[in-house]
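Worksheet for the structure shown next.
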Ligand code: PGA
């Protein structure tokens, strides 16, 4: 396993977080190149938690060959925990067994479904709980469509997506507060993903602040102040500085730019924002 869950709890003062989502891209040679962008950083900042989410087929390779400074994450996890007759599925327990201790859950592309039935917020919440109870850490993605934003439903949609997770966690037995330290929330407006259109810093900050307020009201003050809320949607080296200077933006989930050398620049920009 890459890290002990205990050490994850210790990182509670909102250590900034930069994730790279490689999506369905890559071949062995490209994977080598993309790992090289972080492996080649002489000045890898200790003050930032960095993660990459390669396609499943490359997970073990990346775990083996990427600098130990970088966490390795699945892009998706099965609704079914354990092992068994679920052809094509990859469970949290399988990931754990392979040494992968993170997964993305609820990315908007999976919620949309690529021509299949997409994942509802209820499925996303159940996957999140399954992953957490199998000792994985989760990057939980939420975000509104352009239509929902235009109808001024952004906060309603985002809070609705989060509320499903809160209620699934609250349904677990015993004290559940600690589980939140194993979740990073990624706010990713769907209209900004892969489009080159980035939310303005003010638009992103407004939603991040509202998400923190949501946790204050619906979970606890301590979760509200400690949970990392990162922004995703056309993050590049050129806009990272302005976004990271917002008080409630704790880092990024980067798609397209995580396949470029500028991923290292984004990590450096986030580290410098701490100085
Ligand atoms: P993008 O993707 O940076 O290419 O917009 C972000 C994401 O999908 O996580």
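Numbering (the numbering used here), first residue to last: 10 to 284.
Here a beta-carbon is modelled for each residue, glycine too, at the ideal position from N, C-alpha and C.
Item: Between the Cα of residue 28 and those of 241, 223, 119, spot the shortest distance and give me the residue it belongs to.; Value: 241
Item: Verify the contact flag: residue 292, CB atom, against every heavy atom of the ligand PGA, threshold strictly below 7 Å.; Value: Residue 292 lies beyond the residue range present for the chain, which begins at 10 and ends at 284; the question has no answer from this structure.
Item: Looking at C-alpha atoms only, which residue of 63, 131, 129 is the closest neighbour of residue 83?; Value: 63
Item: Excluding the 5 residues flanking residue 178 on each side, which residues of the same chain have their C-beta closer than 7 Å to its C-beta?; Value: 138, 185, 188
Item: DSSP on residue 184, reduced to helix/strand/coil?; Value: coil
Item: Which same chain residues, not among the five before or five after residue 25, have their C-beta less than 6 Å away from its C-beta?; Value: 57, 259, 260, 279
Item: Have a look at residue 252 and residue 210 and give me their C-alpha separation to the nearest angstrom.; Value: 5 Å
Item: Taking Cβ positions, are residue 115 and residue 151 nearer each other than 8 Å?; Value: yes
Item: Just the C-alpha distance for residue 275 and residue 51, rounded to the nearest angstrom, thanks.; Value: 15 Å
Item: So is the beta-carbon of residue 271 under 7 Å away from any non-hydrogen atom of the ligand PGA?; Value: no
Item: Can you pull the DSSP bridge partners for residue 240?; Value: 196, 261
Item: How is the beta strand (DSSP E) around residue 58 delimited, first residue to last?; Value: 58 to 62
Item: Can you tell me where the beta strand (DSSP E) holding residue 26 begins and where it ends?; Value: 26 to 30
Item: Under 8 Å between the Cβ atoms of residue 47 and residue 75?; Value: yes
Item: Give the DSSP-derived three-state secondary structure of residue 150 in the structure shown.; Value: strand
Item: Select from 282, 33, 160 the residue whose C-alpha is nearest the C-alpha of residue 264.; Value: 33
Item: Nearest to residue 249 by alpha carbon, out of 237, 172, 273, 120?; Value: 273
Item: Using 7 Å as the cut-off, classify the Cβ of residue 244 as near or not near the heavy atoms of the ligand PGA, replying yes or no.; Value: yes
Item: So residue 173 and residue 131 are in contact, right, with Cβ under 8 Å, and what is the actual spacing, rounded?; Value: 6 Å
Item: Any idea what DSSP makes of residue 112, helix, strand or coil?; Value: strand
Item: Check whether the Cβ of residue 222 lies closer than 7 Å to any heavy atom of the ligand PGA, and answer yes or no.; Value: no
Item: Taking the beta carbon of residue 170 as the centre, do at least 16 other beta carbons fall within 10 Å, making it buried, or is it exposed?; Value: buried
Item: Closest by CA to residue 176, which one among 216, 227, 110, 112?; Value: 227
Item: Taking residue 218 as the reference, give the member of 247, 110, 234, 101 with the closest Cα.; Value: 234
Item: Is it the case that the Cβ atoms of residue 220 and residue 194 are separated by a distance below 8 Å?; Value: yes
Item: Specify the secondary structure class of residue 19 as computed by DSSP and reduced to three states.; Value: Only weak support exists for where residue 19 lies, its pLDDT of 39 falling under 50; the value from the coordinates is given anyway. If DSSP states are grouped into helix, strand and coil, residue 19 belongs with the helices.
Item: Just reading off the beta strand (DSSP E) that residue 83 is part of, what are its end residues?; Value: 79 to 83
Item: Since residue 233 is in the alpha helix (DSSP H), which residue starts that stretch and which ends it?; Value: 230 to 235
Item: Decide if residue 95 is buried, meaning its Cβ has at least 16 other Cβ atoms within 10 Å, or exposed.; Value: exposed
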